[in-house]
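Structure first, commentary second.
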Amino acid sequence: MLQGMVYGQDHTFIIKGKMDPARKQEKVHIWYPDPTNLVGVKDSAVIKDGNFVIKGTFKIPGKAIMYTKPDYGDIELYIEPDTILVNSTGSLSEVIVSGGQLNKDFGQLAKMLKPISEKRTEIYKAYDNAKKTLTADSDKKELEKTKDQQLEAYRMDRTNIYKNFIQKMPGSIVSIEAVKSVGGFTPDVKELTALFEGLDETVRNSPSGVYYKNALTKLAKTSIGAVAPEFAQADTTGKLVSLKDFRGKYVFVDFWASWCGPCRAEHPELIKVFDKYKDQNFTIMGISLDQSKSREAWLKAIAKDKLVWTQLSDLKGWANEVSTLYNVEAIPKNFLVSPDGVIVAVDLKPAALNEKLAQLLPNNH
Numbered sequence: 029m030l031q032g033m034v035y036g037q038d039h040t041f042i043i044k045g046k047m048d049p050a051r052k053q054e055k056v057h058i059w060y061p062d063p064t065n066l067v068g069v070k071d072s073a074v075i076k077d078g079n080f081v082i083k084g085t086f087k088i089p090g091k092a093i094m095y096t097k098p099d100y101g102d103i104e105l106y107i108e109p110d111t112i113l114v115n116s117t118g119s120l121s122e123v124i125v126s127g128g129q130l131n132k133d134f135g136q137l138a139k140m141l142k143p144i145s146e147k148r149t150e151i152y153k154a155y156d157n158a159k160k161t162l163t164a165d166s167d168k169k170e171l172e173k174t175k176d177q178q179l180e181a182y183r184m185d186r187t188n189i190y191k192n193f194i195q196k197m198p199g200s201i202v203s204i205e206a207v208k209s210v211g212g213f214t215p216d217v218k219e220l221t222a223l224f225e226g227l228d229e230t231v232r233n234s235p236s237g238v239y240y241k242n243a244l245t246k247l248a249k250t251s252i253g254a255v256a257p258e259f260a261q262a263d264t265t266g267k268l269v270s271l272k273d274f275r276g277k278y279v280f281v282d283f284w285a286s287w288c289g290p291c292r293a294e295h296p297e298l299i300k301v302f303d304k305y306k307d308q309n310f311t312i313m314g315i316s317l318d319q320s321k322s323r324e325a326w327l328k329a330i331a332k333d334k335l336v337w338t339q340l341s342d343l344k345g346w347a348n349e350v351s352t353l354y355n356v357e358a359i360p361k362n363f364l365v366s367p368d369g370v371i372v373a374v375d376l377k378p379a380a381l382n383e384k385l386a387q388l389l390p391n392n393h
């Protein structure tokens, strides 16, 4: 049935859930992706005597996140054209999902990932315990270094599990999600394209496959070595500013929003980098994913964070035309563009940007 689905057409699903009424959960919430709507689809249902039903429509099958309130137990499952059964004798986190081929395949992947997820929990547990034994004047650097090394090893192991699954299940649409997961936050478009092309033709030509193929094409246009796509957007006064206005300089294109805590937490360090290099052929362009209703919040955040570089936005939120052009799916997100318009780095934290500019600019002392 899945292979015969048409991209862009609406398909229906039903989720029937059964939970322990003694846990007194009041509501279940679900979020799933929609290629025509960047923020995805949100829905919810009331839990009555431990039972709930969610009916909905979707454009392409995709991984959903479901959680209950007030305990915030959560699970991942696949939205597909079938009746999906969600049964739990405890919290939602301990649920068994059945019904539908994709959830069967996804269950296999989850089983493969379980030991490694437990390993990650152990890393954080050990780190927290070790932190408690430190005195106020102890040097935490060694402890942080150990944790980072362990997490790096965990990420490599997890990537290998995804690759293993892709190899074993080239005929499953769930393998597309696994290819995406191999990419993580800084995807290597060549590697992902090779993995995707190794999938069965039926999967590549399915609605999910066609959608992901388009995403890879877009990704290739904003990968390191590609010429940065041109754009123009209004600044805080309504004046149009374009990327080519800064040709001849290194430009740090920084996607953020007034409501994004992690973005704003980077601003103090980013200001230091800007002050250090602003007279050396370097500048920053901030592009905000705020909406027109939060225009005031955007302007206040610029003033409060003391951001003196160019700030642009079309105030369309996640549908911002530049963020769509640059395939931005999460923020903070950034691209370092060279004086001749080529993308030389992606996703740099302020410290890494400082190091990169020290290499690229001759007068960095």
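Numbering (our numbering), first residue to last: 29 to 393.
C-beta atoms are modelled at their ideal positions from N, C-alpha and C, and glycine is treated no differently.
Since we're looking at a predicted model, the values are computed, not measured.
Three-way DSSP call (helix, strand, coil) for T221 in this model: helix
Checklist entry - Looking at H57 and M94, is the spacing between their C-beta atoms short of 9 Å? => result yes
Closest to E170 by CA distance: which of A158, E180, S209 is it? A158
- What are the complete beta strand (DSSP E) segments, minimum 3 residues, inside the segment 246 to 330? 260 to 262, 268 to 270, 278 to 284, 310 to 316
Q | DSSP state of G199 mapped onto helix, strand, coil | A | coil
Checklist entry - Among all the DSSP beta bridges, which residues are the ones paired with S72? => result H57
How would you call D133, buried or exposed, if buried means at least 16 neighbouring beta carbons within 10 angstroms?
buried
Q.
For F398 and N65, I'd like the C-alpha separation in whole angstroms.
A. A question about residue 398 goes unanswered here, because the residues of the chain that appear run from 29 up to 393.
- Task: Compare the beta carbon distance of I43 and L105 with 9 Å and say whether it is the shorter of the two.
- Result: yes
- Rank L141, P390, N131 by C-alpha distance to the C-alpha of R183 and give the top, closest one. L141
- Query: Comparing alpha-carbon positions, which option in K208, M47, R186, L376 lies nearest S116?
  - Reply: M47
query: Would a C-beta distance cut-off of 9 Å place S126 and I112 closer than the cut-off?
result: yes
Short Cβ contact (9 Å threshold) for T25 with N355: Here the chain covers residues 29 to 393 and nothing more, so residue 25 does not appear.
| message | Could you give the first and the last residue of the continuous beta strand (DSSP E) run that contains T111? | response | 111 to 115
Self-check item: Collapsed DSSP secondary structure at L162 in the structure displayed
Solution: coil
Return the CA-CA distance between T214 and V202, expressed in angstroms with no decimal places. 21 Å
Exercise for review: Spell out a yes or no on whether the segment 358 to 375 and the segment 262 to 280 are touching, meaning 3 or more CB-CB pairs, one atom from each, closer than 8 Å.
Suggested key: yes
Next item on the list: Take F398 as the anchor and find which of T187, T161, E108, L376 has the nearest alpha-carbon.
Entry: With the chain running from 29 to 393 in the structure shown, residue 398 is simply not present.
Note to self: Just to confirm my understanding: we take Q129, look at its own chain, exclude 5 residues before and 5 after, and list those with CB closer than 6 Å. What are they?
What the structure shows: none
Check your understanding: Out of S270, L268, D333, which has the shortest C-alpha to C-alpha gap to A293?
Key -> D333
Original post:
Just curious, the alpha helix (DSSP H) that E383 is in, first and last residue?
Top reply: 378 to 388
- request: Put M29 into one of helix, strand or coil per three-state DSSP.
  value: Confidence at M29 is low in this model, with a pLDDT of 40, below 50, so its placement is unreliable and no value can be given for it.
Problem - Buried versus exposed call for G237 [16 or more other C-beta atoms within 10 Å across all chains shown] - result: buried
For M29, collect the residues of the same chain with a Cβ closer than 7 Å to its Cβ; drop the 5 residues on either side in sequence, then sort them by chain order. Unreliable positioning characterises M29 in this predicted model, as indicated by a pLDDT of 40, which lies under 50. The coordinate reading is nonetheless provided below. Within the same chain, M29 has close Cβ partners P109.
Check: Taking the Cβ atom as the reference point for each residue, do A260 and V269 lie within a distance shorter than 9 Å?
Finding: yes
Using 8 Å as the Cβ pair cut-off and three pairs as the minimum, do the segment 331 to 351 and the segment 295 to 303 touch? yes
So what does DSSP say about Y106, is it helix, strand or coil? strand
_Measuring straight from C-alpha to C-alpha, what distance separates L271 and K328?_
24 Å
>> Just to confirm my understanding: we take P390, look at its own chain, exclude 5 residues before and 5 after, and list those with CB closer than 6 Å. What are they?
In response: none
*asked:* Quick check on K83: does DSSP put it in helix, strand or coil?
replied: strand
Could you tell me the distance, in whole angstroms, from the CA atom of K68 to the CA atom of T352? According to the sequence as given, residue 68 is Gly; it is not Lys. Using only the alpha carbons, I get a separation of about 14 Å.
- Query: Taking just the CA atoms, how far does G78 sit from K70?
  - Reply: 21 Å
Check your understanding: Are S286 and S322 close, meaning C-beta to C-beta below 9 Å?
Key -> yes
query: Distance, Cα to Cα, V81 vs T96?
result: 13 Å
Practice item. Using a threshold of 9 Å, state whether the C-beta atoms of L247 and L220 are closer than that. Key: yes
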